[in-house]
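Below is one structure; the comments refer to it alone.
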Amino acid sequence: MKVGVAADHGGFELKEELRRALGDAGHDVVDYGARRLEPGDDYPDFVIPLATAVARGEVNRGMAVCGSGVGACVAANKVRGVRAALIHDVFSAHQGVEDDDMNVICLGGRVVGFSLAWDLTQAFLDASFIGGERHRRRLAKISTQEL
Ligand code: RB5
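For the sequence shown, this note's numbering gives the first residue as 6, with consecutive numbering after it.
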């Protein structure tokens with residue numbers, strides 16, 4: 006799968022670990038930055054390009070990491086066509102895709118360690134949108150709010 010990753014300084018270390026693990030697992034990884042640890046950087050500078058790439062179909066899924074995951078989630082959801090969620094449990098990592106067609110997972114680099122983050126990543130990437138009528142109906146109602 007083609008997977009985009011992005012992080013600010015708060016998520017940089019975890020993003021680097023995930024990038025390496027995704028590559029080792031055979032995924033095609035696109036890194037939207039940050040490319041180095043810069044304590045003064047701003048998560049929208051990396052998360053918005055990632056989210057835009059997901060919305061354009063340039064990557065299949067996105068992973069956005071900041072300190073808490075909150076800012077990354079807020080930023081990603083401003084991009085039309087992106088359905089991002091802050092996820093720190095395995096159930097939501099796959100159910101968010103199955104029911105809600107989540108296409109960007111947001112993680113807190115200061116909240117979860119690599120082992121849990123990798124379990125979340127695998128659950129997220131292995132899941133597919135079920136696409137039932139009720140799921141599509143709900144997403145269509147959300148889409149009416151997108152400008
Ligand atoms: C940056 O220090 C921090 O605020 C950011 O990574 C993130 O946690 C925001 O939600």
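Note that beta-carbon positions come from the ideal geometry of N, C-alpha and C, so glycine has one too. Since the structure is predicted, the reported quantities are computational estimates derived from the model, not experimental observations.
Subject >> Selection from A89, L91, D36 and E138 that minimises the alpha carbon distance to E63 >> reply: As a working mapping, residue 63 is identified with position 58 in the sequence shown. When only C-alpha atoms are compared, the closest one is D36.
Subject >> Cβ-based neighbour list, V102, same chain, cut-off 7 Å, excluding 5 preceding and 5 following >> reply: Residue 102 sits at position 97 when you count from the first residue of the sequence shown. Closer than 7 Å at Cβ, skipping near neighbours: F129, A132, S133 and F134.
**OP:** State yes or no: is the C-beta of V84 within less than 9 Å of the C-beta of I110?
**Re:** Within the sequence shown, the letter at position 79 stands for residue 84. Within the sequence shown, the letter at position 105 stands for residue 110. Not in contact: V84 and I110 (Cβ atoms no closer than 9 Å).
**OP:** Would you decide whether G45 is buried or exposed? Buried here means 16 or more other CB atoms lie within 10 Å of its CB.
**Re:** Walking along the sequence shown from the start, residue 45 turns up at place 40. Exposed, by the Cβ-count rule.
**OP:** Between the Cα of L19 and those of D105, R139, H32 and G38, spot the shortest distance and give me the residue it belongs to.
**Re:** One-based indexing of the sequence shown puts residue 19 at position 14. For the residues D105, R139, H32 and G38, the minimum Cα distance to L19 belongs to G38.
Original post:
Which whole runs of the alpha helix (DSSP H) in the segment 64-151 are 4 residues long or more, in chain order?
Top reply: 75-81, 95-105, 119-131 and 138-148
**OP:** Determine the burial state of A81: buried for a count of at least 16 other Cβ atoms within 10 Å of its Cβ, exposed for fewer.
**Re:** For the purposes of this step, residue 81 is taken as residue 76 along the sequence shown, with counting starting at 1. By the neighbour-count rule (16 or more Cβ atoms within 10 Å), A81 is buried.
Original post:
Helix, strand or coil: which one does DSSP assign to G28?
Top reply: On the sequence shown, position 23 is the one that residue 28 refers to. Helix.
**OP:** Starting from the Cα of S120, find the closest Cα among D13, F17, D105 and A26 and give me that residue.
**Re:** Counted from its first residue, the sequence shown places residue 120 at position 115. Of the candidates D13, F17, D105 and A26, the one whose C-alpha sits nearest the C-alpha of S120 is A26.
Original post:
What do you reckon, is the C-beta of A77 under 8 Å from a heavy atom of the ligand FMN?
Top reply: Looking at this structure, you won't find the ligand FMN anywhere; what it does contain is the ligand RB5.
Original post:
Counting along the chain, where does the beta strand (DSSP E) carrying D36 start and finish?
Top reply: Within the sequence shown, numbered from 1, the residue matching residue 36 stands at position 31. It spans D33 to D36 - the beta strand (DSSP E) in which D36 sits, taken as one unbroken run.
Subject >> First and last residue of the uninterrupted alpha helix (DSSP H) at A12 >> reply: Within the sequence shown, numbered from 1, the residue matching residue 12 stands at position 7. A12 -> not in any alpha helix (DSSP H); beta strand (DSSP E) instead, spanning K7 to A12.
Original post:
Cβ atoms of G67 and R115: under 9 Å apart, would you say?
Top reply: Your numbering for residue 115 matches position 110 in the sequence shown. Your numbering for residue 67 matches position 62 in the sequence shown. Not in contact: R115 and G67 (Cβ atoms no closer than 9 Å).
Subject >> Rounded straight-line distance, which links the Cα of G136 to that of I147 >> reply: Looking up residue 147 in the sequence shown gives position 142. Looking up residue 136 in the sequence shown gives position 131. Going from the Cα of I147 to the Cα of G136 covers about 15 Å.
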